[in-house]
Amino acid sequence: GAGVSQSPSNKVTEKGKDVELRCDPISGHTALYWYRQRLGQGLEFLIYFQGNSAPDKSGLPSDRFSAERTGESVSTLTIQRTQQEDSAVYLCASSSGLAGTLDFGAGTRLSVL
Amino acid sequence: AQSVTQPDIHITVSEGASLELRCNYSYGATPYLFWYVQSPGQGLQLLLKYFSGDTLVQGIKGFEAEFKRSQSSFNLRKPSVHWSDAAEYFCAVYAGNNRKLIWGLGTSLAVNP
Numbered sequence: 001g002a003g004v005s006q007s008p009s010n011k012v013t014e015k016g017k018d019v020e021l022r023c024d025p026i027s028g029h030t031a032l033y034w035y036r037q038r039l040g041q042g043l044e045f046l047i048y049f050q051g052n053s054a055p056d057k058s059g060l061p062s063d064r065f066s067a068e069r070t071g072e073s074v075s076t077l078t079i080q081r082t083q084q085e086d087s088a089v090y091l092c093a094s095s096s097g098l099a100g101t102l103d104f105g106a107g108t109r110l111s112v113l
Numbered sequence: 114a115q116s117v118t119q120p121d122i123h124i125t126v127s128e129g130a131s132l133e134l135r136c137n138y139s140y141g142a143t144p145y146l147f148w149y150v151q152s153p154g155q156g157l158q159l160l161l162k163y164f165s166g167d168t169l170v171q172g173i174k175g176f177e178a179e180f181k182r183s184q185s186s187f188n189l190r191k192p193s194v195h196w197s198d199a200a201e202y203f204c205a206v207y208a209g210n211n212r213k214l215i216w217g218l219g220t221s222l223a224v225n226p
């Protein structure tokens with residue numbers, strides 16, 4: 001079946017512009033995570049959605065970052081007024097709920113010039 | 114505090130040689146432990162996981178890992194490495210209280226022909 005799909009795969013933007021990243025999780029997966037991965041570094045947790053519960057936004061680095069998810073479907077991560085330090089790969093993962101078992105998308109590589 | 118340490122940032126092995134990647138964790142309760150692999154340009158894929166029971170767990174692609182509670186370790190092994198195993202390997206522990214994975218910084222594996 002289809003895996004986690006992220007779009008776009010690459011995004012180049014100018015400093016100060018807003019960007020929107022999209023994630024299509026695996027159908028039926030109730031949990032959805034966003035991570036940031038800077039070059040040569042590990043995964044940095046950003047936000048977690050679980051069903052209709054309030055999302056865990058504790059990892060969002062600033063109020064320029066926001067994310068939405070409607071029900072158990074598509075999620076969008078929005079970065080406003082992008083800065084060069086926002087350049088990274090943004091990974092989305094979904095889970096059916098089995099602890100720690102995540103299915104990852106291929107990521108969106110964001111470059112802020 | 115919960116944490117995961119992967120002491121080796123980069124490892125190079127020859128094709129056909131054995132491999133061991135180290136992972137140490139700090140977690141107060143019985144851990145759920147994971148190894149994920151990230152091939153170039155791709156998202157992360159689950160290699161194997163430990164929840165309970167037999168401390169030696171088998172995963173995909175011929176990998177195995179052994180949970181040693183006394184050493185707080187969960188080292189990944191493979192008896193004979195293939196060139197296609199070149200990738201970034203991440204160890205993680207599941208923090209059940211907040212449903213998050215705590216990630217190590219990763220070990221980059223290079224395979225010489």
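So the protein lines, in turn, are chains A and B. My numbering numbers the first residue of the first sequence as 1 and each following residue consecutively. My numbering numbers the first residue of the second sequence as 114 and each following residue consecutively. Even glycine gets a Cβ: it sits at the ideal position worked out from N, Cα and C.
Excluding the 5 residues flanking T30 of chain A on each side, which residues of the same chain have their C-beta closer than 8 Å to its C-beta? Q50, G51, E72, S95, S96, G97
Could you name the residues of the same chain whose beta carbon sits closer than 7 Å to that of Y90 of chain A, not counting the 5 residues immediately before and after it, in chain order? L21, W34, R36, L77, G107, T108, L110
With a 10 Å radius around its C-beta and 16 neighbouring C-beta atoms as the bar for buried, classify A88 of chain A as buried or exposed. buried
Residues, ordered as in the chain, of the segment 128–146 of chain B that lie near chain A by beta-carbon distance below 7 Å: Y145
Could you check whether the Cβ of Y207 of chain B sits closer than 8 Å to any Cβ belonging to chain E? Included in the structure are the protein chains A and B, with no chain E among them.
Taking 8 Å as the CB-CB limit, is W112 of chain B close to chain A? Any question about residue 112 of chain B goes unanswered here, given that chain B covers just 114 to 226.
Excluding five sequence neighbours on each side, which residues of the same chain lie with their C-beta closer than 8 Å to the C-beta of F104 of chain A? V4, L91, C92, A93
Going along the chain, which residues of its own chain have a beta-carbon closer than 8 Å to the beta-carbon of G217 of chain B, five neighbours each way excluded? V117, T118, Q119, C136, F203, C204, A205
Assuming T76 of chain A is part of the beta strand (DSSP E), what are its boundary residues? 75–79
When we look at the beta-carbon of G154 of chain B and count the other beta-carbons within 10 Å, is it buried (16 or more) or exposed? exposed
Member of B:S127, B:L160, B:W148, B:A199 whose CA lies at the smallest distance from the CA of S186 of chain B: B:W148
Residue from A:P8, A:N10, A:Q6, A:K17 with nearest C-alpha to S65 of chain A: According to the sequence shown, residue 65 of chain A is Phe rather than Ser. The option with the nearest alpha carbon to F65 of chain A is A:K17.
Compute the Euclidean distance between the alpha carbons of I26 of chain A and A114 of chain B, then round it to the nearest angstrom. 32 Å
Over the uninterrupted beta strand (DSSP E) stretch that includes W34 of chain A, give me the two end residues. 31–37
Distance between beta carbons of F164 of chain B and Y145 of chain B, contact taken as under 8 Å: 5 Å
Using a Cβ cut-off of 8 Å (strictly closer), state whether Y90 of chain A contacts chain B. no
CB K15 of chain A to CB V112 of chain A, shorter than 8 Å? yes
Take E201 of chain B and list the residues in its own chain whose beta-carbon comes closer than 6 Å to its own, dropping the five residues that flank it on each side. Q151, G219, S221
Collapsed DSSP secondary structure at K174 of chain B in the structure displayed: helix
In or out: L214 of chain B buried (at least 16 other Cβ within 10 Å) or exposed? buried
Using the beta-carbon of each residue, which ones in chain A are nearer than 8 Å to F203 of chain B? G42, L43
Which residues DSSP lists as bridging C204 of chain B, in chain order: B:W148
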